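Start counting the sequence shown at 144; every next residue gets the next number (this note's numbering). Positions of the beta carbon are idealized from the N, C-alpha and C atoms, including for glycine. Just so it is clear, the structure is predicted and the values come from calculations on it, not from any experiment.
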Amino acid sequence: PEGRWVDYWTGEGYDGGQEIEYEVPEGKGGPLFVKAGAIIPTWPEIDYVGQRAMETVGLEVYPWEDSRFTLYEDDGETFGYLEGKVATTEVECQAEAGRVVVKVGPRVGDYEGKPERRVWEVGVHLEARPARVTMDGVEAEWEWNEEGKVARVVVEEKAEGREVVVAR
Numbered sequence: 144p145e146g147r148w149v150d151y152w153t154g155e156g157y158d159g160g161q162e163i164e165y166e167v168p169e170g171k172g173g174p175l176f177v178k179a180g181a182i183i184p185t186w187p188e189i190d191y192v193g194q195r196a197m198e199t200v201g202l203e204v205y206p207w208e209d210s211r212f213t214l215y216e217d218d219g220e221t222f223g224y225l226e227g228k229v230a231t232t233e234v235e236c237q238a239e240a241g242r243v244v245v246k247v248g249p250r251v252g253d254y255e256g257k258p259e260r261r262v263w264e265v266g267v268h269l270e271a272r273p274a275r276v277t278m279d280g281v282e283a284e285w286e287w288n289e290e291g292k293v294a295r296v297v298v299e300e301k302a303e304g305r306e307v308v309v310a311r
């Protein structure tokens, strides 16, 4: 389809609207492409809601122009969401020349069992290793995964939100 697409396994980018020759990397189940601009939340593996506290949430960010995502949370068990017992978090990504800016807003709202704190494991999918990563204007600790072409940074929640800048 039209747009920009990223190979989930290798991080390689492709322009849409064309046919490609594709060889599935060994040990992978098949081709898997993510549309550029996607922001995908991930959770640790669990067998059922409430098995363990979910303080850490992953955010897989595939930069492309301006994109945004709202994470919606509730207790996962009751109908409390019908009474507004929910929390939301706004996530924005702006891909600019030479840098990517990811903004993680504060959680707004409340529900029974809402974790007191939130940690975000942000993975910014790029086509090449960035030169630096900052959080709220200060150099951040980060890791680079060459196989998947992902810069990873751990972001602890702040009441006013956080800003991560990945400079290419």
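Item checked: Per-residue DSSP class, three states only, for Glu306 -> Correct three-state label for Glu306: strand.
message = Using a Cβ-Cβ cutoff of less than 7 Å, which residues in the same chain neighbour Gly146 once the five nearest sequence positions on both sides are dropped?
response = Excluding sequence positions up to five before and after Gly146, its CB lies within less than 7 Å of the CB of Gly159, Lys178 and Ala179, all in the same chain and listed in chain order.
Original post:
In terms of residues, what are the limits of the beta strand (DSSP E) holding Thr185?
Top reply: Where Thr185 is concerned, the enclosing beta strand (DSSP E) starts and stops at Ile182 to Thr185.
| query | So what does DSSP say about Gly223, is it helix, strand or coil? | reply | Gly223: helix per DSSP, three-state reduction.
>> Let me confirm a value: Arg250 is counted as buried when at least 16 other C-beta atoms fall within 10 Å, else exposed. Which label applies?
In response: Buried, by the Cβ-count rule.
- prompt: For Arg305, is the classification buried or exposed, using 16 other Cβ atoms within 10 angstroms of its Cβ as the cut-off for buried?
  reply: Classification for Arg305: buried.
Roughly how many angstroms lie between the CA atoms of Glu282 and Glu208, to the nearest whole one?
So the alpha carbons of these two residues sit roughly 24 Å apart.
**Q.** 8 Å contact criterion, which Val265 and Val298 should meet: CB distance rounded
**A.** Yes, Val265 and Val298 are in contact; Cβ-Cβ is about 5 Å, under 8 Å.
| In whole angstroms, what separates the C-alpha of Glu270 from that of Phe222? | For Glu270 and Phe222, the distance between alpha carbons rounds to 43 Å.
Residue(s) in a DSSP beta bridge with Val298 = DSSP, once it has assigned bridges, lists Trp263 as partnering Val298.
- [ ] Give me whichever residues DSSP pairs with Met278 in a beta bridge.
- [x] Its beta-bridge partners are Val281 and Val307.
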